[in-house]
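Residue numbers (my numbering), protein chains in the order written: chain D, 1 to 297; chain V, 1 to 324; chain P, 1 to 350. Ideal placement from N, C-alpha and C gives every residue a C-beta, glycine not left out. So the structure is just underneath, and the comments pick up after that.
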Amino acid sequence: MSQLAAADPYDVTVKSNGLRRRRIVEKVFGLLAIGAAIFACFILIAVLTTLVFKGASSLNLDFFTKPRPLFGEKGGIADALVGSALIVGMAMIMAIPVAVLVAIYMSEYAGPKVARSLKIVLDVLNGVPAIVVGVFVFGILVVGHGQSAVYGAFALAILMLPMVSRATQEILEVVPRSLRDASFALGVTKWRTTWNIVLPAAIGGILTGVVIAVARVAGETAPLLFTTSIAASEISGDVSHALPTLPVTIFVFSESPDPGEQAAAWAAGLVLIAFVLVMNVLAKLFAGRKRRQLEGS
Amino acid sequence: MTSTTYEPPAAPESDLRRSGIRLGDLLFKGIAILAALAATGLLGLIAWKVLDLAWPAIQNFGLSFIWTEAWDPVTQDFGALIFIYGTVVTSLIALVIATPLSIAIALFLTEIAPRRLAAPIATMVELLAAIPSVVLGLWGILVFGPWVRDHLEPWIQATPLGALPVFSGDPSQAGILPAALVLTIMIIPITSAICRELFIRVPQDLKDGALALGSTRWEAIRGVVFTYTAPGIAAAVLLGLGRAFGEAIAVNQTIGNRNTIPTSWFEPGDSLGSKVASEYVGATSLQQASSILYLAAILMVISLATNVVAQFIVVRFERARRGV
Amino acid sequence: MKRILAAGLVVLAVVALAAFAGRTQSASAKPTAGSLVGTGATFPFPLISKWIPAVSSSLGISLTYTATGSGAGIAQITARTVDFGASDAPLTPDQLAACKGCVVIPWALAGMSAMYNLPGVSKRLVLNGPVLANIYLGNITTWNAAAIRALNPGVTLPATKITPAYRSDGSGSTYAWTDYLSAVSPQWKSKVGKGTSVNFPAGVGARGSAGVAGVVKSTEGAIGYADAAYAIQNKIQFALVKNRAGGNATPGIRGVTNALCEVPAKVTNLAQLKIVDPSAKCGKKAYPISTFTYVIVPTNSGDKAADLRKFVYWAVTAGQKFGPPLFFVPLPKAVNAFIYREIKKIQAGS
């Protein structure tokens, strides 16, 4: 019963050209999909292996103890490490409380219209390019005063705010209504309910959001380029002055012909990626815990 | 008959509660409102400051700045067209390459791959998203650029594509094409992650129904998954585009920094974000500084518009789906 | 969960404390009297790098200098985001006015090398002004062009494409380079002109002298401009440049010193310090692309004034001895009186 061209291609009881063609198309797209996935993995592996090989060869103790090299000298990234840690830390302190409070307002207090407008505000803020944020902080703080690590942290905090706020707001919405109602029924005030009951239930999701935001912001160069790029080649914790940072160091050294500076850039890139990796793993851990907590409650 | 209505004892702290703790509620709400106002104020402040810094150029050049092809600090003649071209073309090339790849990756992860394979590959794609743009730019300058110059661009010229004027000329390690390819690598993870979330949510019974009617897996995907998620995919694509528009650093490292609209995509050009990163700190006249801020303002508007359209599509999508 | 949070906070606190407490410096014999932050030209960066530890040990001033380009040096000091700026380009009248009372003091002097990457050609090439201008205009596109062959008889030149590299940031090196090209090429002067930022019609841009050196080193057939120290440090070949006297000059100490022949015996203003394209009088050794480089200090420097005076005075006297190994020529006596007069203008102000 194998008629060919005349048969209905969608009649699977009859083997026909049409069916064969459709099966071929299916296989082709299946292969394309596999090919695309392999391609993505390949790129990632290419970037990571280059980083690891070029970076690992310059990773030595010197690297983590010496400050950035001046012209024609050898050095490390110790000062940039300290600077990045301090600046990201300060950005977290500036952004997280405000972000969580905004999310609490949106989910616990605001009416639907206000909440929606705030959501739009946060989404727009999220879409402001990092370079524009850098120019903004430069124009509003650095001009007339000089650069400082605090200004750099402020620029990073602006980038973190919408990310953490969105994540917090989403997890607050998932916290069951019944939890709040039970608390109110027991006579607990609204603010204590939010602070002692709702927030701890949401903490996993909030931490996930924080960790993801930190990972994203630790590698941002543009906001720091105008606010904390003129820094001495020495390990310093003086946040009232500009401090060196890993992303800006990588940026400056990436165009250098000096193999020592290039090696420093690769190694700093490796450190950054390792940090981001660790953050991502942490985020998954927190997300898992959040799911278990909420399901358990 | 005695009525036994139970009266709960008056709560001992009831007076306290009525006077003191309402204050706590008010304070907390007040702080939360302040935070919300701060966030909104911040956005307004950013918009205002950028426009304020760009104002001398806006006044001087007006809207014609947007389509003026010039950037000459010596004659103080400035225009945005060169950089709008660079931003738009690099981002569109990245989009055209990244979108089918992202969809394919998302499909692979949700439909084709066995679960044990899908998880590590999904993690790998997420890690690609985690690479900071400056590190990708570093890789672009030192590894990818030379490879593009030595292998990819000559190969393109050997194919029929080489007849096109955009692929003419000598291969170069810095230019529109290398920058666009680095952007591609940047937006694939974003778009594919969103597509993956969308595809997972497609109801299994819709897919099963299609298969039961005799369609092949690909036809089921095309007919069910894509039609179901089309607006979401559009939004994902737009979000990736927005990210590509705003990327200044990696583009600055790989685009070659030339003030020109090149005929060939192998040649250097420049983009809005990249120009701001290059020249803002070194602008030595008010005209130049404000022109650079005018570029930043245009970039802000383009990014905003892309995000707004993406959000709009998402909202319509949600509404339509809830109606379904 | 709370324990993890607490642990994280403790770690953060420890890092913060450690960083605040431990401030290591590269060299400190005396307690730091003050600190100065400056930014600007990449051209003098090799020299300033040597000054930083020396200033710390002999003056007790902790110096921070990041090379961001002369344009940034001018812009940042005008915006008063730093204590001093550095630029190879003298300030225009508009920029001086915008700076609101700044002195511009020459503090170093060196030659701009024309570095190139042409493997397979071991002999150092000779180039001249018109050829360089035509390369940067995009008129000459391959190394075996007739004009280059004419300057280098007997050398087999490959047909490699020439990629001119230039500065994408505001740069005093660009100013000196384009000043020279404008002097030797009327087409360059009318089409492009000179400045810290110009509209280069051909080639690839990179940030900083290091960036230009990077492009040249990694691109076969590339040519770029940066001071001689960058070429030597990165082992990049540089060209001999034919001057007006017909000699093939190098950007070394002798070449730059000979270019000074037209500077008056007592300099009274900065316009007299323009030494690009010296006339034939300066002889066959005079390098035609030499430039002074300047420090820009506000006359009204508040509590930094004393340190700034000390630093600049040190730089133009004791600091000059660090120059020659890096191909910086010690400042000629002709500028001394001018410099000291300008240094005195740096005051604490009201």
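Alpha-carbon spacing of residue i relative to residue j, whole angstroms
{"i": "P:L137", "j": "V:C195", "result": "48 angstroms"}
{"i": "P:Q95", "j": "P:A239", "result": "34 angstroms"}
{"i": "D:V128", "j": "V:F245", "result": "10 angstroms"}
{"i": "V:A320", "j": "V:P114", "result": "32 angstroms"}
{"i": "V:E247", "j": "V:I255", "result": "12 angstroms"}
{"i": "P:P251", "j": "V:V276", "result": "34 angstroms"}
{"i": "P:I289", "j": "D:V214", "result": "48 angstroms"}
{"i": "P:A110", "j": "P:T293", "result": "8 angstroms"}
{"i": "V:P165", "j": "P:T160", "result": "22 angstroms"}
{"i": "V:L293", "j": "D:A231", "result": "25 angstroms"}
{"i": "P:L36", "j": "D:G146", "result": "12 angstroms"}
{"i": "V:T68", "j": "V:F61", "result": "9 angstroms"}
{"i": "D:A283", "j": "D:S148", "result": "30 angstroms"}
{"i": "D:A222", "j": "D:S117", "result": "28 angstroms"}
{"i": "V:A250", "j": "V:G242", "result": "15 angstroms"}
{"i": "P:Y180", "j": "P:G193", "result": "10 angstroms"}
{"i": "P:Y340", "j": "V:A129", "result": "56 angstroms"}
{"i": "P:G71", "j": "V:I31", "result": "44 angstroms"}
{"i": "D:S58", "j": "D:A267", "result": "6 angstroms"}
{"i": "D:F138", "j": "P:N300", "result": "23 angstroms"}
Closest Cα partner of residue i within the set the options
{"i": "P:F311", "options": "P:Y166, P:A206 and P:I52", "result": "P:I52"}
{"i": "P:L125", "options": "P:A133, P:V103 and P:V155", "result": "P:V155"}
{"i": "D:R289", "options": "D:A274, D:L246 and D:P200", "result": "D:P200"}
{"i": "V:P100", "options": "V:Y228, V:F65, V:I302 and V:A234", "result": "V:A234"}
{"i": "D:S240", "options": "D:T227, D:L246 and D:G134", "result": "D:T227"}
{"i": "D:A265", "options": "D:N280, D:L277 and D:V248", "result": "D:V248"}
{"i": "V:G44", "options": "D:V217, D:A287, D:V124 and D:E255", "result": "D:V124"}
{"i": "P:G208", "options": "P:T66, P:A54 and P:I61", "result": "P:T66"}
{"i": "P:A210", "options": "D:E255, D:V174 and D:P176", "result": "D:E255"}
{"i": "D:D238", "options": "D:A115, D:G111, D:V82 and D:V175", "result": "D:V82"}
{"i": "D:D79", "options": "D:S178, D:K66, D:F71 and D:E73", "result": "D:K66"}
{"i": "V:W265", "options": "V:I185, V:G240 and V:I156", "result": "V:I156"}
{"i": "V:F226", "options": "V:G24, V:P203, V:G273 and V:A212", "result": "V:P203"}
{"i": "D:D62", "options": "D:E73, D:V276 and D:V52", "result": "D:E73"}
For residue i, the first and last residue of its enclosing beta strand (DSSP E)
{"i": "P:N128", "result": "V126 to N128"}
{"i": "D:I230", "result": "No beta strand (DSSP E) holds D:I230; DSSP gives it neither H nor E."}
{"i": "V:P231", "result": "Run containing V:P231: none in the beta strand (DSSP E); it sits in the alpha helix (DSSP H), T227 to G246."}
{"i": "P:L353", "result": "There is no way to answer for residue 353 of chain P, as the model of chain P reaches only from 1 to 350."}
{"i": "D:P200", "result": "Note, D:P200: premise wrong, no beta strand (DSSP E); alpha helix (DSSP H) at L199 to A218."}
{"i": "D:S107", "result": "Segment: none, D:S107 is in no beta strand (DSSP E) and carries neither H nor E."}
{"i": "P:V297", "result": "S290 to P298"}
{"i": "V:S333", "result": "Within the shown structure, residues of chain V are numbered from 1 to 324, placing residue 333 of chain V beyond reach of any answer."}
{"i": "P:A108", "result": "C102 to Y116"}
{"i": "P:K242", "result": "L240 to K242"}
{"i": "V:T110", "result": "Taken as a continuous stretch (DSSP letters only), V:T110 belongs to no beta strand (DSSP E), as it is neither H nor E."}
Boundaries (first-last residue) of the alpha helix (DSSP H) holding residue i
{"i": "V:T254", "result": "I249 to T254"}
{"i": "D:P97", "result": "A78 to I104"}
{"i": "V:C195", "result": "I176 to R201"}
{"i": "P:C99", "result": "P93 to C99"}
{"i": "P:S87", "result": "Run containing P:S87: none in the alpha helix (DSSP H); it sits in the beta strand (DSSP E), F84 to S87."}
{"i": "V:Y85", "result": "L81 to L107"}
{"i": "P:S279", "result": "Counting along the chain, P:S279 falls outside any alpha helix (DSSP H), and DSSP gives it neither H nor E."}
Other residues of its chain near residue i: CB distance less than 6 angstroms, five sequence neighbours each side excluded
{"i": "V:Q396", "result": "Residue 396 of chain V lies beyond the residue range present for chain V, which begins at 1 and ends at 324; the question has no answer from this structure."}
{"i": "V:V148", "result": "P178"}
7 angstroms CB neighbourhood of residue i in its chain, flanking five on each side removed
{"i": "D:A153", "result": "I87, M90, A91 and M94"}
{"i": "P:T317", "result": "none"}
{"i": "D:F253", "result": "E261, Q262, A264 and A265"}
{"i": "V:G223", "result": "A210 and S215"}
Sequence-distant residues of its chain with Cβ nearer than 8 angstroms to residue i (five each side left out)
{"i": "P:G120", "result": "P158"}
Ignoring anything shorter than 3 residues or poking outside the region 113-168 of chain V, list the beta strand (DSSP E) runs there in chain order.
none
In chain order, each alpha helix (DSSP H) run of at least 4 residues that lies wholly inside the region 139-178 of chain D
149-174
What alpha helix (DSSP H) runs, 4 residues minimum, are completely inside the region 193-232 of chain P?
208-218
Please list the segments of the alpha helix (DSSP H) lying wholly inside the region 130-187 of chain P, counting only runs of 4 or more residues, in order along the chain.
146-151 and 172-184
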